[in-house]
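Visitor:
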Amino acid sequence: MELLQLLGLETNLLTIIIVSALPLVFILLYALVTLYLEMKVSAHIQDRVAYMRTGWHGVLQPFADILKLLQKEDTVPTAADRFLFKLAPFIVFAATYAGFAVIPFSSVYIGSNINLGVFFMIAASSLVVIGILMGGWASNNKWSIFGAFRSAAQMISYEIPIALGVLIAVMITESLNLQEVTQFQSGGIQNWVVFGGPLPLTQKLLLLPFTILTFFILFIASIAEVNRTPFDLAEAESELVQGFNTEYSGMRFAMFYLAEYANMFLVSAVVVSLFLGGWSSPFGTALSGPLWDLFWFVAKGMFLVFMQIWIRWTLPRLRVDQLMYTSWKVLIPFLFLCVFAVGLILVL
Amino acid sequence: MNPVRTYFRNIWLALSSIAIGMRITFKHLFVRSVTVQYPDVKLKLPPRARNRLYVNMDDCIGCDQCAMACPVDCITIETIKSTPDQDLGVTSTGHKKRLHVPQFDIDIAKCCYCGLCVYPCPTECIVMTDVYEFSEFDRKNLIYNYSVMTPADIEEARAKLKKAEEEAAAKKAAAAAAPKPAPTPPPTPLDPK
Chain H
42 MELLQLLGLE TNLLTIIIVS ALPLVFILLY ALVTLYLEMK VSAHIQDRVA YMRTGWHGVL
102 QPFADILKLL QKEDTVPTAA DRFLFKLAPF IVFAATYAGF AVIPFSSVYI GSNINLGVFF
162 MIAASSLVVI GILMGGWASN NKWSIFGAFR SAAQMISYEI PIALGVLIAV MITESLNLQE
222 VTQFQSGGIQ NWVVFGGPLP LTQKLLLLPF TILTFFILFI ASIAEVNRTP FDLAEAESEL
282 VQGFNTEYSG MRFAMFYLAE YANMFLVSAV VVSLFLGGWS SPFGTALSGP LWDLFWFVAK
342 GMFLVFMQIW IRWTLPRLRV DQLMYTSWKV LIPFLFLCVF AVGLILVL
Chain B
643 MNPVRTYFRN IWLALSSIAI GMRITFKHLF VRSVTVQYPD VKLKLPPRAR NRLYVNMDDC
703 IGCDQCAMAC PVDCITIETI KSTPDQDLGV TSTGHKKRLH VPQFDIDIAK CCYCGLCVYP
763 CPTECIVMTD VYEFSEFDRK NLIYNYSVMT PADIEEARAK LKKAEEEAAA KKAAAAAAPK
823 PAPTPPPTPL DPK
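Residue numbers (our numbering), protein chains in the order written: chain H, 42 to 389; chain B, 643 to 835.
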């Protein structure tokens, strides 16, 4: 609500609705950019050129794609559970959007400045599983239900590394509120939690290996959380057609798509807020201010989104057992080690 | 191997191979792409590329060898004999043209681009070109009519041939009606010919 004060607006229902819709505007713009980015990056990684004919280097293609999806018929399979089938995409998107409530986009903008921010984000994004399971089940299609089951198993397994990774950052910053976490890290690149946070030098150096390790593990787990390659078992095209969203068309399919892209940014935003200093400028007080803060936040978030795209077009998909192995036998033991070590260092 | 060592080795292998892979893909982000923007840029076809057929009717002698060679029967040729008083000219390869060709149709929709019609042609008048953009909305437009004769020409050639045939028949009849000269001895089986 600092934004309202900054703009000199009074707090009433209308302004609150407008302000809380700002992340939605951001998501829609971001989705257009990321759709284009994903196609271009994937193409250039494979020595192709992607869209070239819609506008300059195909920049209008995302608009064309959305227009196409809007015009498509909204089909529901005869044997599907109509109510759940129609509801699922909205649950997935709403759950993702709920997560944006606690993301501090700038020093003056955070949807809801609650003291359990990250906890709420983890809880809200767990709801995505319900939506995906609902979509897969209601489609009444074996591939969809396979995809939904896989997705549920995967997302639940990867909640644990995410929760532990978040816990480590919270132990260092001593807050669950992402705005406070970000303020804790302000003052330049050396104060970011990934580099040990603004602690005394010896503690910082001791923390450094563990925070970097946690950052990487959290990043890996966040990719799994959003069902992207190499963890895209839920929508494995080659095995399950398209997974839980096989039967969807038109705008409902677009909702799933949008939710996936929004989720990509959401997890990146959390990682950025916890480990990469959130909206704080990497040069201390230079280049900071409400708009610069937004710029730094989006730039850091987009960098992680680019990393996700880069990884997607590099690695093949994991097998189900490899996926579980990675989570339970590699990420979690290492995170336990980190939790133990960080706790010990902070106490000493 | 020691399971603990295997565990850490696997993690190390996974991480190092991911790093190698990501380095390769990052390099390829800046490699010049191999895509040819097709309708704007066209690659030159190899010299013996087989695409659309072309028939140079000035050189066609109506020998029908291409139609016979065609495995999918996409060439239809009709001919009319010329009369001795007509001179149809010579082809560029020096063959005398003796037949009118009122119909020389190639159904390019059926054509399998094997090129078998090209080799038997004695005057090299049927050739494969490098034209490959000839899609049509109506399949009938893919039947190419190469004959240069107009309906009037065809009518005239038919009439002339008919007249010549009638004249020949009349001559034959006249010859048959005329009294025979000395009868020729019947050929014997042992006649060495």
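Quick reminder that beta carbons are idealized off the backbone N, C-alpha and C, glycines included.
Kindly indicate the opening and closing residues of the beta strand (DSSP E) around B:Gln-745.
Guide: 741-749
Visitor: What does the alpha-carbon distance come out to for the pair B:Ile-662 and H:Phe-306?
Guide: 26 angstroms
Visitor: Which parts of the segment 322-373 of chain H are runs of the alpha helix (DSSP H), unbroken and 4 residues or longer, counting only runs that do not cross its ends?
Guide: Listed in chain order, they are 331-353 and 361-366.
Visitor: On the DSSP bridge list, what partners appear for B:Thr-718?
Guide: B:Asp-747
Visitor: Does B:Lys-835 come out as helix, strand or coil in the three-state DSSP assignment?
Guide: Any reading at B:Lys-835 is ruled out, since the residue's pLDDT is 47, under 50, leaving its predicted position unreliable.
Visitor: Specify the secondary structure class of B:Leu-655 as computed by DSSP and reduced to three states.
Guide: Looking at B:Leu-655 - three-state DSSP - the assignment turns out to be helix.
Visitor: Skipping 5 residues on each side, what residues in its chain have a beta carbon closer than 7 angstroms to that of H:Met-30?
Guide: Because chain H in this structure spans residues 42 to 389, residue 30 of chain H falls outside the shown range and cannot be described.
Visitor: What would DSSP say about B:Met-770, mapped onto helix, strand or coil?
Guide: strand
Visitor: Taking only the alpha-carbon atoms, compute the straight-line gap between H:Leu-378 and H:His-85 and give it to the nearest angstrom.
Guide: 39 angstroms
Visitor: Relative to chain H, which residues along the segment 669-687 of chain B have a C-beta separation below 7 angstroms, given in chain order?
Guide: Only those residues of the segment 669-687 of chain B whose C-beta falls short of 7 angstroms from the nearest C-beta of chain H are listed: His-670, Leu-671, Val-673, Ser-675, Val-676, Thr-677 and Gln-679.
Visitor: Can you name the residues that DSSP bridges to H:Ile-151?
Guide: H:Pro-145
Visitor: On the criterion of 16 or more Cβ atoms from any shown chain inside 10 Å, does B:Cys-716 qualify as buried, or is it exposed?
Guide: By the neighbour-count criterion, in which 16 or more other beta carbons inside 10 Å mark a residue as buried, B:Cys-716 falls on the buried side.
Visitor: Flag this pair as yes or no: are the beta carbons of H:Ile-264 and H:Leu-372 separated by less than 8 angstroms?
Guide: no
Visitor: Let me check one thing: in DSSP terms, what residues is B:Asn-787 bridge-paired to?
Guide: B:Asp-747
Visitor: Just verifying my parser: in three-state terms, what is the DSSP assignment at B:Val-760?
Guide: coil
Visitor: Quick check on B:Val-732: does DSSP put it in helix, strand or coil?
Guide: Reduced to three states, the DSSP call for B:Val-732 is strand.
Visitor: At the 8 angstroms Cβ level, is B:Met-699 part of the contact set with chain H, yes or no?
Guide: no
Visitor: Residues of chain H with CB under 7 angstroms from B:Thr-667, in chain order?
Guide: Ile-86, Trp-351, Trp-354 and Thr-355
Visitor: Got a sec? Which residues, its chain only, sit under 8 angstroms from B:Ile-653 by beta carbon, not counting five neighbours each side?
Guide: none
Visitor: Expressed to the nearest angstrom, what Euclidean distance is found between the alpha-carbon atoms of H:Thr-95 and H:Leu-108?
Guide: 13 angstroms
Visitor: For H:Arg-360, would you say it is in contact with chain B, using Cβ-to-Cβ distances shorter than 8 angstroms as the test?
Guide: Contact with chain B is absent for H:Arg-360, since none of that chain's Cβ atoms lies less than 8 angstroms from the residue's Cβ.
Visitor: In the segment 93-126 of chain H, which residues sit with their C-beta less than 9 angstroms from some C-beta in chain B, listed in chain order?
Guide: Met-93 and Arg-94
Visitor: On the criterion of 16 or more Cβ atoms from any shown chain inside 10 Å, does H:Lys-341 qualify as buried, or is it exposed?
Guide: buried
Visitor: Report the neighbours of H:Val-346 on chain B: residues whose CB is nearer than 9 angstroms to its CB, in chain order.
Guide: Correct list: empty, because the minimum Cβ distance to chain B is about 15 angstroms.
Visitor: Are the C-beta of H:Arg-89 and some C-beta of chain B separated by less than 8 angstroms?
Guide: yes
Visitor: What does the alpha-carbon distance come out to for the pair H:Ile-197 and H:Ile-261?
Guide: So the two alpha carbons sit approximately 15 angstroms from each other.
Visitor: Sorted by chain position, which residues of the same chain lie with C-beta nearer than 6 angstroms to H:Ala-91's C-beta, five sequence neighbours on each side aside?
Guide: Met-80, Lys-81 and Ala-84
Visitor: Does DSSP classify H:Lys-8 as helix, strand or coil?
Guide: No statement about residue 8 of chain H is possible, as the shown extent of chain H runs from 42 to 389 and does not include it.
Visitor: Using a C-beta cutoff of 8 angstroms, does B:Val-643 count as contacting chain H?
Guide: The sequence given here places Met at residue 643 of chain B; Val does not occur at that position. No, its Cβ sits nowhere closer than 8 angstroms to a Cβ of chain H.
Visitor: According to the neighbour-count rule (16 or more other Cβ atoms, all chains shown, within 10 Å of its Cβ), is B:Gln-679 buried or exposed?
Guide: exposed
Visitor: Is the beta carbon of B:Pro-744 sitting closer than 8 angstroms to the one on B:Ile-722?
Guide: yes
Visitor: Given a cut-off of 8 angstroms on the beta-carbon distance, is the pair H:Leu-274 and H:Arg-358 in contact?
Guide: With contacts defined as CB atoms closer than 8 angstroms, H:Leu-274 and H:Arg-358 qualify as a contacting pair.
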